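The end of the sequence shown is residue 350 by this note's numbering, with every number in the run present. Heads up, the beta-carbon is just placed ideally off N, CA and C, and yes, glycines get one too. As the structure is a computational prediction, the values presented were derived from the model and not from experiment. Here's the structure we're looking at; comments come further down.
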Amino acid sequence: MAVTRRALLRGGFTVTAVGALGATIPISAGAAGEPKAGPNAVARPTMHGCAEWGARPPNGTIQVLDHKPTYIVVHHTAGGNSNDFSLDHAFAISRSIQDFHMDDRGWIDTGQQLTNSRGGHVTEGRHRSLEILDGGTRHVMGANVGDHNSEIIGIENEGLYSTVDVTPQLWDSLVRLVAYIAQQYDIAPSEIKGHRDFNATECPGEVLYGRLPELRDAVGAVLGTPVTQPYSWPLLKPGASGARVLAAQHLLRARGAAVPTDGVFGTSTFAAVRKLASANGVAYEPCYAGRVADESGFVGSTTWPLLVRTVRAGDSGDVAAAARTLLANRGERAGGDVLVDTAMWRRLLS
């Protein structure tokens, strides 16, 4: 069972692989720490520990779980896109995040396990994260994905990637880092996720999230592992329009919400989603690295499962209308008795 964030707060062979932007990524059997050995072992990337960047001591005991994480989760800090690519700047970002998490959020330490700067410098987030990662058998409990922190290891990537792309330095560093984590914990590339795959949040930004299939492929190439791309629930927010918004509006109406069916995500749709989430005990879990706009009415990974239900041939009403909208948008027709089940909803919405 996943441990909730709230519970937490209470208490030499060498070859190369080509990165997605053309950089070569070393694959080596010998490196610092205790990375796994073998003919295709991924070199341990340079990672700067808490002592190097001047971290404050934690305000409580760092919890180490006696199991591996299941997922690698990509975040963005949702802050400025600095052109300072220096190591000193990366250290300053790490201190700023720790101060915010400890002083404003009241956490015992930095929430994420690792931070990746726009200059491609990787720093340790929560204390002991590097030590435990290098061991490859246990997991430092962080605070970066609500209600899933016992399952994930999180990477904050400096910057805001809703409309602009990451730097080449950050990207190539991210590929190396994720490949190393995947190797250490035997995590398949399909389990590389974004924050929004667990909570209804913009994080890690539309652009960076859109590159996760590319990241999975790049990591799979480094590891020599086949990659299966998963279907994901989409994120809908104010200003969105189209078939998926129209489908969401029909599904909200089926739950009793008084929203239009105009295919435009406006204020009434936002309010209806927020009310639905609250009524069903879905906690508000936004991006954690900095202060962000209100995301409480976004339709996302925690909302879609509340909305979708099986539609069978001959069904009518708003749920059936939502299904027909998505099928028509893809130029598809359903056959057999079951028109749309949960798995098909996810595929149609991806």
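Inter-residue spacing [alpha-carbon to alpha-carbon] between residue i and residue j
i: S316; j: R255; result: 15 Å
i: T163; j: A293; result: 15 Å
i: R394; j: I62; result: Outside the displayed range of the chain (1 to 350) lies residue 394, so it cannot be described from this structure.
i: Y180; j: E52; result: 21 Å
i: V64; j: L133; result: 11 Å
i: V259; j: S173; result: 44 Å
i: L339; j: A313; result: 6 Å
i: E214; j: V140; result: 27 Å
i: S86; j: D318; result: 54 Å
i: S82; j: H89; result: 9 Å
i: F270; j: F298; result: 7 Å
i: H75; j: G154; result: 7 Å
i: V178; j: K275; result: 37 Å
i: C203; j: G159; result: 11 Å
i: G136; j: G60; result: 23 Å
i: T123; j: W171; result: 15 Å
i: V222; j: V42; result: 8 Å
i: A272; j: A257; result: 6 Å
i: R216; j: R176; result: 12 Å
i: G106; j: T261; result: 42 Å
i: G120; j: A334; result: 47 Å
i: G266; j: R56; result: 43 Å
i: L246; j: E285; result: 25 Å
i: G49; j: T201; result: 29 Å
i: N199; j: D84; result: 31 Å
i: E206; j: H101; result: 24 Å
i: A182; j: I72; result: 8 Å
i: Q184; j: P238; result: 40 Å
i: W233; j: G300; result: 6 Å
i: G30; j: K36; result: Note that G30 scores 32 on pLDDT, short of 50, meaning its location in the model is unreliable; the coordinates nonetheless yield the value given after this. Between G30 and K36, the C-alpha separation is close to 9 Å.
i: L326; j: V264; result: 15 Å
i: S94; j: D337; result: 55 Å
i: T303; j: A277; result: 7 Å
i: D99; j: A92; result: 11 Å
i: I192; j: D103; result: 30 Å
Burial state of residue i, where buried means 16 or more other Cβ atoms lie within 10 Å
i: Y209; result: buried
i: E332; result: exposed
i: M344; result: buried
i: A328; result: exposed
i: V166; result: buried
i: Y161; result: buried
i: Y231; result: exposed
i: R211; result: buried
i: H67; result: exposed
i: P45; result: buried
i: Q229; result: exposed
i: G80; result: exposed
i: A351; result: The requested residue 351 is not part of the displayed model; the chain covers only 1 to 350.
i: P69; result: buried
i: P226; result: exposed
i: R244; result: buried
i: G142; result: buried
i: G220; result: buried
i: R196; result: buried
i: S350; result: exposed
i: R347; result: exposed
i: R330; result: exposed
i: G224; result: exposed
i: T342; result: exposed
i: S117; result: buried
i: R5; result: Because the pLDDT at R5 is just 35, under 50, the model does not fix this residue reliably, and the point stays unresolved.
i: G194; result: buried
Strand pairing of residue i, partner residues [DSSP]
i: T228; result: Partner(s): none; T228 has no beta bridge.
i: H250; result: None, per the DSSP bridge assignment.
i: L174; result: Its beta-bridge partners do not exist; DSSP assigns none.
i: L114; result: E124 and I155
i: I72; result: I153 and I192
i: V64; result: V140
i: M47; result: V122
i: S241; result: V264
i: L236; result: V299
(message) Using 8 Å as the cut-off, can you tell me whether the region 141-154 makes contact with the region 94-114, which would need three or more C-beta pairs spanning the two stretches below that distance?
(response) yes
(request) Enumerate, from N- to C-terminal direction, the unbroken beta strand (DSSP E) stretches of 3 or more residues contained entirely within the region 184-212. (result) 192-194
(request) Flag this pair as touching only if the region 248-263 and the region 304-313 have three or more C-beta atom pairs under 8 Å; answer yes or no. (result) yes
(request) Please go through the region 257-340 and give each complete alpha helix (DSSP H) segment of 4 or more residues, from N-terminal end onward. (result) 267-279, 304-307 and 318-329
(message) Does the region 318-325 come into contact with the region 182-193, if we say contact requires no fewer than three beta-carbon pairs (one atom in each stretch) closer than 8 Å?
(response) no
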